[in-house]
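In terms of the numbering used here, the sequence shown opens at residue 64 and continues consecutively.
This report refers to the structure that appears directly beneath it.
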Amino acid sequence: AEGEMQAAEKLRDAAAMLSQQPQALQLRYLQTLADISNNGSSSTIVFPLPMDLIKPLLEGAAAKD
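Below you can see the structure in the form of structure tokens.
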């Protein structure tokens, strides 16, 4: 249980830092992509998109239903 508490605290701290520095999240995405590409095996890469880019598309699809 203590390990879970420490992990939750680290995630909270990381979220606070990323909310203050949005560029840091983009750099983290790019670092993850670089790590995956250096793995040497073929991989499927799922690249997250910011919700502010996706939201209008989702709202438009919901309006058609």
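Backbone N, C-alpha and C define an ideal beta-carbon position, used for all residues, glycine too.
Quick caveat: nothing in here was measured; it's all calculated off a predicted structure.
Residue i - DSSP class collapsed to helix/strand/coil
| i | result |
| --- | --- |
| Ala-77 | helix |
| Gly-103 | coil |
| Pro-85 | helix |
| Ala-71 | helix |
| Ala-97 | helix |
Span of the alpha helix (DSSP H), counted from its first residue to its last, around residue i
| i | result |
| --- | --- |
| Pro-119 | 114–127 |
Contact check, residue i vs residue j, beta carbons under 8 Å
| i | j | result |
| --- | --- | --- |
| Ala-87 | Leu-81 | yes |
| Ile-108 | Leu-96 | yes |
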